[in-house]
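Trainee: After the structure tokens below, expect a handful of questions from me.
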Amino acid sequence: MNVLFMTSECFPFAKTGGLADVSEAISVNLVKKGINVTLCLPYYKQVSHQNFRIAGKIEKLEIDPPLECLKTLELTNTAQKNIANQLKFFDILPYKYKGVNVLFFKNDFLFNRDALYGLDDKDYKDNLLRFALFCSASLTFVTDNKFKFDIIHCNDWQTSLVPAFAKFKFKLPSKILLTIHNLGYQGIFPKEQFSCASLNSLLFNIDGFEYYGNINLLKGGIEFSDAVNTVSRKYAEEIKTKEYGFGLDGVLENKKDKLFGILNGVDYDEWNPEIDKHIVKNYSIKNFKTGKKSCKKDLLTVFFGKQFDGALMDKPVISIVSRLEDQKGFPVFMDAIPEIIKRGGVIIVLGTGNKEIENGFKKMAETYPQNISVKIMYDNQISHKIEAGSDFFIMPSKYEPSGLNQMYSLKYGTIPIVHGTGGLDDTIINFDGTNINEADGFKFYGFSAEELLKSVNSALDIYFNDKNTFNKLIENAMEKDFLWSRSIEEYISLYNKIQ
Ligand code: ADP
Ligand code: GLC
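Residue numbers (the working numbering): 2 to 500.
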């Protein structure tokens, strides 16, 4: 089987969030199952400067051998007449990564920028044009070269033009799967930009890309794909409701027969305390007590520096690694912080994103310098130290399609405290006082500071008063596996189903 995998992020080349981890994992694991995968990705500044750090401050991404331009593609098949020269040429740079045929599409005017999608809370204004041309260039290149794909697997709004391109413009026989990683981002643009999409304007209608007078790329992607999936079973159900549907619940309900939920997995070569290169002491389920202690000391030193006086070692460390966006539920968490501090909690935050949320956390850290430390940055190595050295990992997300960090946390014996939504609900088993043989975390359902606090309080009660139970929860957590091989089987049977 031949699969064309269309994505706007892929670890280790370019990443803002889980989409990058998942793009890498799906494509590499498909290859392990004998499937031939070609992955198309824009050649961003992140890739071109090779400054996406695989291993924090120590190693840089080495592309070896260096990328070479295979050919320069000239786009002719676009709707815009007189397309500017700076837009129509793409260098194609092929690279073999863990058996995956990666094709980078390089156009510096469009992609040689400081961020992937936008800066300072503002999306780049020409995002429709950028991703439309990326999709167009990818399909032009593969069809010019007569590559045949049984399946084209698209991801999120950035590649949601591909189903319509493939069917109506390139007339490809391939079947198309669209994976929705996050319904909160749909790629909505003013209708005047529809010519950028290089599609017949007839497709701008209620059964296509039109959405309350605007262009909605994800909607068109859903309409024209042969199947749609999202990244957990629960989220696949939630998005058909008004509460979680972001206005597309009706569209998704109509498509419910071709809508599936496939949970993400974890790359245990990357996220495993036994072999993790980023942490000061490796550990397993057999020696987690000493291992986690060394990692906690290291983590507290990284975050509290000189102020770290050893007294923090006995306190429960509750951590966050996240995009700091509204989705992640941090305002609710911030309301609960004073109470958590009163109970002796220590809070560690690593993240970037929305300025208001960043500033909110910075202020909290100024108010409680002994108990809260915040790093507003993106740092892969520190994120590993957090997974290993914390006692608890909190994800109070308003909604969470899958979530990866709660699954990483389990493997590191760091107990998740989560809002019971989407993938968080599917992956974490709440400890209710009676189920110590299976529980691995704490989960609350009402999305409020009060409910969150109840859950945190239960967690802290166990931490302070019942070390045996706490240690058993850690063991349960470390035993859990969310293997990609299982999810990949589900993707393959979905591919077979639509072929
Ligand atoms: P989302 O895709 O919504 O951001 P996920 O839980 O699926 O959420 O994935 C987030 C990924 O991004 C994880 O691999 C997480 O470790 C990583 N991440 C997010 N913010 C940071 C950061 N500031 N530093 C390092 N890694 C981060
Ligand atoms: C998203 C979701 C997250 C998911 C990730 C990868 O950005 O917010 O829950 O894990 O995509 O699928």
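Where is the CB? At the ideal position from N, CA and C, for every residue including glycine.
Using a Cβ-Cβ cutoff of less than 6 Å, which residues in the same chain neighbour I59 once the five nearest sequence positions on both sides are dropped?
Mentor: The pLDDT assigned to I59 is 33, lower than 50, so where the model puts this residue is not dependable; a value taken from the coordinates is nonetheless given after this. Excluding residues within five positions, none has a Cβ falling inside 6 Å.
Trainee: Skipping 5 residues on each side, what residues in its chain have a beta carbon closer than 7 Å to that of I499?
Mentor: Only K176, L178, D227, A228 meet the Cβ criterion.
Trainee: CB-CB under 7 Å to D299, same chain, minus the five flanking residues each way: which ones, in chain order?
Mentor: Around D299: V281, K386, G390.
Trainee: Please indicate yes or no: does the CB of H182 lie closer than 7 Å to some heavy atom of the ligand GLC?
Mentor: Yes, Cβ of H182 sits closer than 7 Å to a heavy atom of the ligand GLC.
Trainee: Could you give the distance in angstroms between the alpha-carbon of D122 and the alpha-carbon of F304?
Mentor: When rounded, the distance between both Cα atoms is 26 Å.
Trainee: Which runs of the beta strand (DSSP E), 3 residues or longer, sit entirely within the region 93-156?
Mentor: Listed in chain order, they are 101-107, 152-156.
Trainee: From Q371 to V347, what distance separates their C-alpha atoms?
Mentor: Approximately 8 Å, taken between the alpha carbons.
Trainee: Work out the CA separation of P43 and K149 for me, nearest whole Å.
Mentor: Rounded to whole angstroms, K149 to P43 spans 21 Å at the Cα level.
Trainee: Any chance you could list the alpha helix (DSSP H) runs of at least 4 consecutive residues sitting entirely within the region 251-322, in chain order?
Mentor: Within the region 251-322, the complete alpha helix (DSSP H) runs of at least 4 residues are 289-305.
Trainee: Alpha carbon to alpha carbon, how far is F247 from K172? Give it in angstroms, no decimals.
Mentor: Between K172 and F247, the C-alpha separation is close to 31 Å.
Trainee: Measuring straight from C-alpha to C-alpha, what distance separates K297 and E388?
Mentor: Approximately 10 Å, taken between the alpha carbons.
Trainee: Hey, would you say the C-beta of N381 is under 7 Å away from at least one heavy atom of the ligand ADP?
Mentor: Yes, the ligand ADP has a heavy atom inside 7 Å of this Cβ.
Trainee: Identify, in the order they occur along the chain, each residue of the same chain with its Cβ nearer than 6 Å to the Cβ of N183, setting aside the five sequence neighbours on each side.
Mentor: Around N183: P402.
Trainee: Is M378 near the ligand ADP - that is, is its Cβ less than 7 Å away from at least one heavy atom of it?
Mentor: Yes, the Cβ of M378 comes within 7 Å of a heavy atom of the ligand ADP.
Trainee: Verify the contact flag: G424, CB atom, against every heavy atom of the ligand NAD, threshold strictly below 7 Å.
Mentor: For the ligand NAD, the structure offers nothing, since it holds only the ligand ADP and the ligand GLC.
Trainee: Can you tell me which of L74, M408, E271 puts its alpha carbon nearest to the alpha carbon of D92?
Mentor: Checking every option, the nearest Cα to that of D92 belongs to L74.
Trainee: Going straight from the alpha carbon of N156 to that of L40, what length do you get?
Mentor: Each residue's alpha carbon lies about 11 Å from the other.
Trainee: Apart from the five residues just before and just after Y45, which ones in its own chain have a Cβ nearer than 7 Å to its Cβ?
Mentor: Hits under 7 Å: A15, F112, L117.
Trainee: Would you say C197 and A133 are within 8 Å of each other, going by their C-beta atoms?
Mentor: Going by C-beta atoms, C197 is nearer than 8 Å to A133.
Trainee: Looking only at its chain, what residues have a beta carbon closer than 6 Å to the beta carbon of E501, apart from the 5 residues adjacent to it on each side?
Mentor: For the chain, the structure presents residues 2 to 500; residue 501 sits outside this window and is missing.
Trainee: Anyone know if the C-beta pair for F503 and L301 falls short of 8 Å?
Mentor: Past the edges of the chain, shown from 2 to 500, lies residue 503, and the structure says nothing about it.
Trainee: Once DSSP output is grouped into helix, strand and coil, what is the label at R54?
Mentor: A caution first: R54 carries a pLDDT of 40, below 50, which makes its placement in the model too unreliable to give a value.
Trainee: Using beta-carbon positions only, say whether K293 and G414 come within less than 8 Å of one another.
Mentor: Yes. Within cutoff.
Trainee: Would you identify the three-state DSSP class for F210, choosing helix, strand or coil?
Mentor: Correct three-state label for F210: coil.
Trainee: What are the partner residues of K72, as DSSP defines its beta bridges?
Mentor: Answer by DSSP bridge pairing, in chain order: I93.
Trainee: Might you give, ordered along the chain, the residues of its own chain that have their beta carbon closer than 7 Å to the beta carbon of S488, omitting 5 neighbours on each side?
Mentor: Cβ neighbours of S488 beyond the five flanking positions: I263, L264, N265, G266.
Trainee: Within the present structure, is the beta-carbon of R324 separated from the nearest heavy atom of the ligand ADP by less than 7 Å?
Mentor: Within the cutoff, so yes.
Trainee: Quick check on this structure: which residue in I430, F394, E239, I152 has the alpha carbon closest to the alpha carbon of N527?
Mentor: Residue 527 lies beyond the stretch modelled for the chain, which goes from 2 to 500, so this question has no answer here.
Trainee: Rounded to the nearest angstrom, what separates S28 and L495 at their Cα positions?
Mentor: Going from the Cα of S28 to the Cα of L495 covers about 15 Å.
Trainee: Check the C-beta distance from Q407 over to F394 and give it rounded, since I have them as a contact under 8 Å.
Mentor: That belief holds up - the Cβ atoms of Q407 and F394 are roughly 7 Å apart, short of 8 Å.
Trainee: Going by DSSP, what residue range makes up the alpha helix (DSSP H) through M408?
Mentor: First-last of the alpha helix (DSSP H) with M408: 406-412.
Trainee: I believe S161 touches G251 by the beta-carbon criterion, under 8 Å. Please report the beta-carbon distance rounded to the nearest angstrom.
Mentor: Rounded, the Cβ-Cβ distance is 18 Å, inconsistent with contact.
Trainee: Under three-state DSSP, which class holds V333?
Mentor: Reduced to three states, the DSSP call for V333 is helix.
Trainee: Have a look at the DSSP bridge pairing and note the partners of F393.
Mentor: F393 is bridged to I319, I416.
Trainee: Quick check on I383: does DSSP put it in helix, strand or coil?
Mentor: Reduced to three states, the DSSP call for I383 is helix.
Trainee: Would the beta-carbon of P402 be found less than 7 Å away from any heavy atom of the ligand GLC?
Mentor: Yes, Cβ of P402 sits closer than 7 Å to a heavy atom of the ligand GLC.
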